[in-house]
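Protein chains in written order, with the working numbering: chain B, -9 to 229; chain V, 4 to 370; chain E, 38 to 341.
Think of the CB as a built atom: it goes at the ideal place given N, C-alpha and C, for glycine as much as any other residue.
Read the structure below first, then the notes.
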Amino acid sequence: MQSIVAKDLTKQFGTFTAVNHINFEVEKGEIFGFLGANGAGKTTAIKMMSGLLLPTSGDALIGGYSIRTESKQIKKHIGYMSQRFSLYNDLTVFENMQLFGTVYGIPPKELKQRINNSLEELMLLDKKNSLVASIPLGWKQKLAFATAILHRPEIVFLDEPTSGVDPIVRREFWKLIYQAAAQGITIFVTTHYMDEAEYCHRISIMSDGCLKLIGTPDELKQQMGVNSIEEVFVKFVNR
Amino acid sequence: MKELRMILYKELIHIVRDKITLFLVLAIPIMLVLLFGFTISTEIRNAKVAVLDQSKDSQSVALIDKISSSGYFQVVAYPETESEIDRDFKEMDIKLAIIIPSEFEHSLEKEKIATLQIINDVSDLNVASVLNNYLQAITHDFITEYNHKGSESGTVEMVTNMRYNPEMNSVYMFVPGIITLIMIIVTALMSSITLAREKETGTMNMLLITPVKKVYVIIGKVIPYMCLSLISTAMIILISVFVFKMPVNGSIWLLLLLCIIFMFTAASFGMMISAISKTQIDAMMVTMMGLFLPTVLLSGFLFPLDNMPMFFQVLADVFPAKWFIIAIKDVMIKGSGFFDIWKYLGILILMAIVLITISLTNVDKRK
Amino acid sequence: MPEIDIQHINKRFGKIEALHDINIMVEQGEVFGLVGPDGAGKSTLFNILTTLLLPDSGQVDIMGMDVVKDYLQIRQSIGYLPGVFSLYPDLSVQENLAFFATMYKSSVLDNMSLIKPIWKQLLPFKDRPAGKLSGGMKQKLALCCALIHKPKILFLDEPTTGVDPVSRKEFWDILKDIQHKNVTVVVSTPYMDEATRCDRIALIQNGNIIKIDTPNNIISNFRGHLYTVKMDDIFGLMQLMNQFELTCNYYPYGEHFHIAFYDEVEKALPAFERFLQDHGRQYGEIKPITPNIEDCFIELMQMS
């Protein structure tokens, strides 16, 4: 079953084509890496897929809902986390999760249960009433992720989720991602860490608004005859 | 020195390229003066009145003449009875009716006192009270003239000792007030905000890491805004002199000196604010709460200081605005010279020195 | 004499110990990397080295000058590229450069030699406001401004964070170029993979230096034996791994599973294969791989 189906998705700003007829499908439970140089059109594409921006032409089905006509439905079925905006520093861990959970309409009793379970899994139960400002960056990122999937979305968009965190935390973070994917949540992730791209099941590379390459990391490396995704990327963009 | 010139040039570019802020800084003073000048003026002209003259003698006719030639009143009806006055209120839209009792001249001569009965349309309380004041003033004039002509003095009841010049009074109050506010906004607020912006965006660190003297950075930041506020001040004074006929009785050079000194005080406030604030929002809040509000409330500009509790009167002394407003009024209205206001200049300079010392020691500190 | 000599530096902010007993020597003409996550203390150390911040205790000499006493002379000889874009967005490319040149009592033309290759790329945009440049161009302009007075040492605080891999590669090539013009380069980065671009690196974590060495030495001193194996349902395997009795580090790597053994390979490898077979796992060939800096960092962090 497909979680994301993009069909000729296009966005123009005046005469500038930010996203140019992109087509791809992402399977349920897949970890899909979305790479590209700065300004390649990634952000525009993600905005359209999360129902924030209407495409100029084409369509995408997100969890079966059209981004043209059912953007309200889409918002209920996706989660979003980015490095820039994650949690409120002046609220406690619990208050943050409660806030976002309530926004998604989880009933209070159920919400409390889910928050407790989620904190227990992260082994952060003792930090429940600590201010977010007081906990280390790596933990914040893990919490932000847990919060983004609290309402059990079908798809979660991660926008450079691990930039700047230490490598141990990064690996722990990726374990959470694998866990979520194993539970059937589709992961759509952008990153500038090319080694992180290797963690994905499949990756795509965008350039000048077009989706130029798509495949598993091994396939792409073989196709380009190189040993790492970084080389794939550099070789491809310079071509 | 080349560095200072470069910093000044850079600051000028910031000002010129930020079109919206530049427009606001130049347009707000003009708007404020015009706004205060035209709308807050208490002057009313050609208010319609009715006069019921039951006396019809030479003095009552003279009084009516005086009223209708004042420019403030226009006598539109001469009702014969009091019931006709009611009709005139409804149909002619008069604001006021004056009833001169019979034997007006006789009472003045013989009993030294005559009474006027005034009927007001109090639906607009402000208009009513202003008109009453005008009327009192006109009657006062009338009786003064009468007393000069005649051998003995008489009075007309309702005469109070009000100085006649209400609209001039408000001009006197608001021009120094607006100059004060504009200087504080442009010099203190703008310079502290832009300095805080440099801290926020990291350009301050770039500057600090060069061997350039920090004093240059600060001076270079403050001077352009002082010039800008001087331009605004000049515009305010020009408008108030040419549009609102406000006199400048003292020396124009003394006025300029006073404004420049106050600008330094305001700028040194700005420097201290930027020394303690890290972000633009901080700088804005501190200027608004710590400088702007006290200036509005405690300078004597909007609210007379004499009526305030002792605590606030003492507090007002700490802010420069009060001293500046006293001094500028003295120069513009009373025509005071340097030796009349040197005390105030001294206070302003002293404040500037204290503040500059505090902020310079703060800015130069590495932690 | 080392170009930069850092001895026993400590710095606290209230309760937080930002730097703890830092000792580093940087030689003239090398590219020295400070590698560590956000909040490790990289920026604090940079601020001390660039004379913006005073250490609580310890001694820092830059070209033989003391950062506390001789800071004005030091400032004339160092260039600094901060982590966030710190030029005037409303000034044009040209105006920014002229401004900083004047601040260093120098002029753009005097010092063209060092920045010429970068400046050439900026030339088409010379009248554009700096705020309207693309990310890569902004970075190049900032570099020009930091080099305009021919500094002996260039400090770069996370110059490549948030920059795409192609621009990043380009940027590192430029740095190499600068190094060849006899400028000592001190650069910080959170990207572990960039560490190999430096001559020597210091791994920094929670205000402590955990290792200073060349990237190659760090990698060859990796104590574990790292293997990769391709298989399905890696997450399922990870949940079983706590039953594996030998000491190891493991993590998912896309379609692959990476595992570092800390026992002898002759013993560990068969044990792992047996473990996989016992749990009925399908798996590909188990191949040894060279660890990267990240693997080494993790190992060093776990040891310290």
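Q: Tell me whether the beta-carbon of residue 128 of chain E lies closer than 9 angstroms to the beta-carbon of residue 16 of chain V.
A: yes
Q.
I'd like to confirm the pairing. Which residues does DSSP put opposite residue 290 of chain E in its beta bridges?
A. E:293
Q: Just mark residue 355 of chain V as buried or exposed, buried being the case when its beta carbon has 16 or more other beta carbons within 10 Å.
A: buried
Q: Give me whichever residues DSSP pairs with residue 7 of chain B in a beta bridge.
A: B:2
Q. For residue 306 of chain V, does the three-state DSSP call read helix, strand or coil?
A. coil
**Q.** Status (buried if at least 16 other CB within 10 Å, exposed otherwise) for residue 317 of chain E
**A.** exposed
Q: Measuring only between beta-carbons, confirm whether residue 201 of chain B sits less than 9 angstroms from chain E.
A: no
Q: Measure the beta-carbon distance from residue 150 of chain B to residue 76 of chain B and round it to whole angstroms, keeping in mind my assumption that it falls under 8 angstroms.
A: The Cβ separation is near 11 angstroms, so there is no contact.
Q) Just how far apart, CA to CA, sit residue 146 of chain V and residue 273 of chain V? A) 55 angstroms
Q. By Cβ distance, which residues of its chain are closer than 6 angstroms to residue 7 of chain B, with the 5 residues on each side in sequence left out?
A. 199
Q | Entirely enclosed beta strand (DSSP E) segments - the stretch 56 to 86 of chain V, minimum 3 residues | A | 76 to 80
Q: Could you run through the stretch 166 to 186 of chain B and flag, in chain order, every residue whose CB is less than 8 angstroms away from some CB of chain E?
A: 168, 169, 171, 172, 182, 183, 184 and 185
Q | Sequence-distant residues of the same chain with beta carbon closer than 8 angstroms to residue 168 of chain V, five excluded per side | A | Here the model assigns residue 168 of chain V a pLDDT of 35, short of 50, so the residue's position is not dependable and the matter cannot be decided.
(Q) Is it buried or exposed, residue 165 of chain V, if we count other Cβ atoms within 10 angstroms and call 16 or more buried? (A) Residue confidence is low: residue 165 of chain V scores 31 on pLDDT, short of 50, so the model does not pin down where it sits. No coordinate-derived value is stated.
Q) For residue 236 of chain E, which residues from the same chain have a beta carbon less than 7 angstroms from its beta carbon, with the 5 sequence-adjacent residues on both sides left out? A) 67, 68, 69 and 251
Q) Got a sec? Which residues, its chain only, sit under 7 angstroms from residue 195 of chain E by beta carbon, not counting five neighbours each side? A) 120, 225, 226 and 227
Q) How long is the line joining the alpha carbons of residue 156 of chain E and residue 178 of chain E, rounded to whole angstroms? A) 8 angstroms
Q) Between residue 128 of chain E and chain V, is there a C-beta pair that is closer than 9 angstroms? A) yes
Q | Terminal residues of the alpha helix (DSSP H) in which residue 168 of chain B lies | A | 157 to 172
Q. Any idea what DSSP makes of residue 237 of chain E, helix, strand or coil?
A. strand
Q) What's the C-alpha gap between residue 244 of chain E and residue 25 of chain V? A) 46 angstroms
Q: Would you mind reading off the limits of the beta strand (DSSP E) that contains residue 69 of chain B?
A: 68 to 72
Q. Where do the N-terminal and C-terminal ends of the beta strand (DSSP E) with residue 192 of chain B fall, by residue?
A. 192 to 197
Q: Could you work out which residue in V:243, V:103 and V:123 is closest to residue 117 of chain V when comparing CA atoms only?
A: V:103
(Q) How far does the beta strand (DSSP E) with residue 61 of chain E in it extend, from its first residue to its last? (A) 53 to 63
Q | Buried or exposed (CB count within 10 angstroms, at least 16 for buried), residue 263 of chain V | A | exposed
Q.
Between which residues of its own chain and residue 340 of chain E is the CB-CB distance below 7 angstroms, once the five residues before and five after are set aside?
A. none
Q: Answer yes or no: does any C-beta atom of chain B fall closer than 9 angstroms to that of residue 267 of chain E?
A: yes
Q: Could you tell me whether the stretch 140 to 152 of chain E touches the stretch 98 to 110 of chain E, using the rule of 3 or more Cβ pairs below 8 angstroms?
A: no
Q.
Quick check on residue 47 of chain B: does DSSP put it in helix, strand or coil?
A. strand
Q. Whole beta strand (DSSP E) runs in the stretch 273 to 354 of chain V with 3 or more residues, listed along the chain?
A. none
**Q.** Proximity test, Cβ basis, 9 angstroms: residue 137 of chain E and chain V
**A.** yes
Q) Would you call residue 161 of chain B buried or exposed, if buried means 16 or more other Cβ atoms sit within 10 Å of its Cβ? A) buried
Q) Between residue 265 of chain E and residue 330 of chain E, is the Cβ-Cβ spacing less than 9 angstroms? A) no
**Q.** C-alpha gap between residue 126 of chain E and residue 239 of chain E, whole angstroms
**A.** 34 angstroms
Q: Determine the DSSP secondary structure at residue 95 of chain V, reduced to helix, strand or coil.
A: coil
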